[in-house]
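The opening position of the sequence shown corresponds to residue 316 in this note's numbering, with each subsequent residue numbered one higher. We treat Cβ as the ideally placed atom computed from N, Cα and C, and that holds for glycine.
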Amino acid sequence: MAFTIPAAFVWPPPGNILSTDGTTPAAMRHGLDPGTLNVYENTVLGFLYAFLPKPPVSPAATLSCAAAEEGEGMDRISGLPDILLRRIVARLPAKDGARTAALSKRWRGLWRSAPLVLVDTHFLPRGGAEDRPPRPGPASRAVRRAVNSALRAHPGPFPFVSLSCGFMKAVDADRAVLARWFQHLATKGVEELVLVNRPSPFAGLRLPAALFSCACLRRLYLGAWRFVDTSTLPRGASFPNLQDLVLGGVAMEDGDLDFLLAVSPVLETLAIVGNVKKMHARLASHSLRCTQFCLADIEEVAVVDAPSLERLFFWRCLNKRRGERVKIGYAPRLSMLGYLEPGVHTLEIGNTIIKSGTRPSPKTTVPSVQMLALHMHFKVCSEVKMLPSFLRCFPNVETLCIQSEEAKEPSGKLNLKFWQDNGPINCVQTQLKRLVFREFHGEENEFAFLMFIAENALVLEKMVLVMELRRPSKPEDLAAKMNALKTARWASGSNKAGYMLSRPGVGGGSAWCLKAGSDFMHNDPFLCLV
């Protein structure tokens with residue numbers, strides 16, 4: 316019987332924005348001259364710029380109003396109360412807001428008394444982020460002068476400031492400019508700050524201690540800096556209101572992260588996108604709800620004391636040798652976890668290192684996890700042999716995302732008998748409702764795992780296999796396996812398998828969405844609920 320994949324079923328579903336390993340630096344619009352950065356720096360900055368928040372004002376916005384009757388030249392806006400006029404001015408880009416002072420005496424003081432949204436890309440000729448200068452020159456210097464003038468002239472407050480056009484080096488002149496900016500930002504109450512350098516070499520200039528004077532900060536995005544030397548900070552330095560922190564290409568010591576978490580009592584989300592130095596990350600925070608590591612060089616992540624942590628994510632971290640340690644201590648609310656890599660990560664729960672054959676016990680399980688993502692090389696037997704032990708650590712997983720990657724050095728086959736001899740896996744038998752398997756290559760080891768799920772998952776509702784359009788495998792080569800899966804003795808009562816095709820240019824990469832990861836209204840950062 317012929318097997319046909321419905322061509323209408325294409326992954327990812329329309330409307331999803333994701334990151335994949337196939338995303339090339341050329342597709343990431345940070346606007347820098349590619350010749351000034353290496354591939355890693357280029358990629359990190361590309362992801363960071365894609366993650367930056369949209370400013371609340373836009374130079375491209377148009378003013379819509381009812382057309383006045385011909386000949387009617389009355390100024391009705393100036394007759395509005397000051398509080399409404401300030402709101403109007405606050406919704407204008409900084410340079411347009413400043414120009415309103417020239418309209419009339421009525422408008423003269425409004426700009427200075429309205430909150431200021433300051434975005435340095437709005438000072439570019441066309442006002443768009445896509446026009447950031449690719450290298451230092453007249454355009455970047457003009458933007459710096461405009462930022463200096465705005466920070467000096469406006470008394471604040473600054474609800475949103477985004478500075479991402481600057482080229483600052485580790486020289487005294489740039490240190491002085493940066494220190495002066497932070498003095499203004501601190502005294503004028505900046506609440507949301509995007510500060511991304513465009514350096515060469517990467518992360519050369521150290522941030523000044525005045526960063527910790529910005530007590531009103533709620534959201535902070537830093538890119539391509541050396542972090543503040545926290546060992547020299549005065550007692551009492553803190554971020555009392557900081558809720559969201561993103562660090563992209565930031566050079567920091569392990570103690571700096573410990574310090575940040577300790578002095579940020581309401582911090583909820585932390586994302587580290589690339590890092591210049593290998594990291595040992597200790598997560599000890601009573602407020603932290605989500606932590607993400609993307610393209611980061613990590614030796615160890617230890618969840619020490621995180622009673623509020625709900626999400627812990629890893630995406631394409633760079634330390635690919637075996638032994639990178641993920642330690643889960645106290646995290647009673649952890650519900651989403653991934654991508655764990657059995658071929659890379661040494662998983663430790665409590666004080667127990669999980670090995671092939673480790674039997675489950677209350678001390679070796681994390682019962683709160685309901686969504687789990689794993690990155691696997693199914694042709695590497697040592698990884699497949701670790702998979703049952705990993706799954707047994709999470710007995711209540713309802714959604715399982717498996718990312719399968721072709722192995723450069725295959726090491727044998729494991730058939731269905733391997734899984735049958737391994738014994739029952741609690742989450743598979745009693746909890747698993749959804750399995751998404753990307754990218755399915757039709758390998759024997761993959762198929763054995765899928766057959767095991769089909770024959771043992773009692774409450775399974777959906778098994779989705781995602782196959783890449785560009786795979787060289789002929790459809791008929793997969794037909795026998797797919798038909799065998801279709802006619803398997805499904806423990807859930809009937810065939811639950813469905814098939815999707817990766818869109819061109821998307822397949823081959825583990826799906827990920829940084830923004831969805833830190834958005835608590837979004838419950839599918841792995842794009843599993845298809």
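Asked                                                                                                                                                                : Found
H660 by DSSP, collapsed to three states: which one?                                                                                                                  : strand
Between which residues of its own chain and V565 is the CB-CB distance below 6 Å, once the five residues before and five after are set aside?                        : L537, W540, F542
Name the DSSP bridge partner or partners of T680?                                                                                                                    : Answer is none; T680 lacks a bridge partner.
Quick one: residues in its chain with C-beta nearer than 7 Å to the C-beta of G672, no 5 flanking neighbours on either side, listed in chain order?                  : S704
Does DSSP put F848 in a helix, in a strand, or in coil?                                                                                                              : Here the chain comprises residues numbered 316 to 845, so residue 848 is not present and cannot be evaluated.
On a CA-only basis, which of H469, A501, E507, S455 is nearest M483? Give me that one, please.                                                                       : S455
Within a Cβ cutoff of 6 Å, which residues of the same chain sit near M567, ignoring the five residues on either side of it in sequence?                              : F542
Cβ atoms of Q558 and V581: under 9 Å apart, would you say?                                                                                                           : yes
Quick check: the Cα distance between G665 and K642, rounded to an integer number of angstroms?                                                                       : 7 Å
Name the residue from N798, M797, F767, K830 whose alpha carbon lies nearest to the alpha carbon of S807.                                                            : F767
Hey, V588 and G563 are a contact pair by Cβ (cut 8 Å); roughly how many whole angstroms apart?                                                                       : 4 Å
Is it buried or exposed, P472, if we count other Cβ atoms within 10 angstroms and call 16 or more buried?                                                            : exposed
Rounding to the nearest angstrom, what Cα-Cα distance links P465 and R495 in this structure?                                                                         : Inspection of the sequence shows that residue 465 is occupied by Ala rather than by Pro. Going from the Cα of A465 to the Cα of R495 covers about 13 Å.
Spell out a yes or no on whether the stretch 680 to 687 and the stretch 707 to 718 are touching, meaning 3 or more CB-CB pairs, one atom from each, closer than 8 Å. : yes
So for A494, helix, strand or coil by DSSP?                                                                                                                          : helix
Given a threshold of 16 other Cβ atoms within 10 Å of its Cβ, counted over all protein chains shown, does L610 qualify as buried or as exposed?                      : buried
Would DSSP call T338 helix, strand or coil?                                                                                                                          : For T338, the pLDDT reaches just 36, beneath the cut-off of 50, and the residue's location in the model is therefore unreliable, although a value from the coordinates is still provided. Coil.
According to the neighbour-count rule (16 or more other Cβ atoms, all chains shown, within 10 Å of its Cβ), is M778 buried or exposed?                               : buried
Roughly how many whole angstroms lie between the Cα atoms of E639 and A552?                                                                                          : 32 Å
Within its chain, find whatever has a CB closer than 7 Å to the CB of V458; leave out the 5 residues flanking it on each side and keep chain order.                  : D435, F438, L439, C480
Which residues in the same chain as P840 place their Cβ atom closer than 6 Å to its Cβ, once the five residues preceding and following it in sequence are excluded?  : C828, A831, G832
Mind checking whether V743 and L842 have CB atoms under 9 Å apart?                                                                                                   : no
Three-state secondary structure (DSSP) at Q685?                                                                                                                      : coil
Mark F835 as exposed unless 16 or more other C-beta atoms lie within 10 angstroms of its C-beta, in which case mark it buried.                                       : exposed
Between which two residues does the beta strand (DSSP E) harbouring F752 extend?                                                                                     : 749 to 753
Measure how close the beta-carbons of L598 and L624 come, nearest whole angstrom, since I'm counting them as under 8 Å.                                              : 7 Å
Counting only the same chain and skipping the five closest in sequence on each side, list residues whose C-beta sits under 7 Å from that of V850.                    : With the chain covering only 316 through 845, there is no way to say anything about residue 850.
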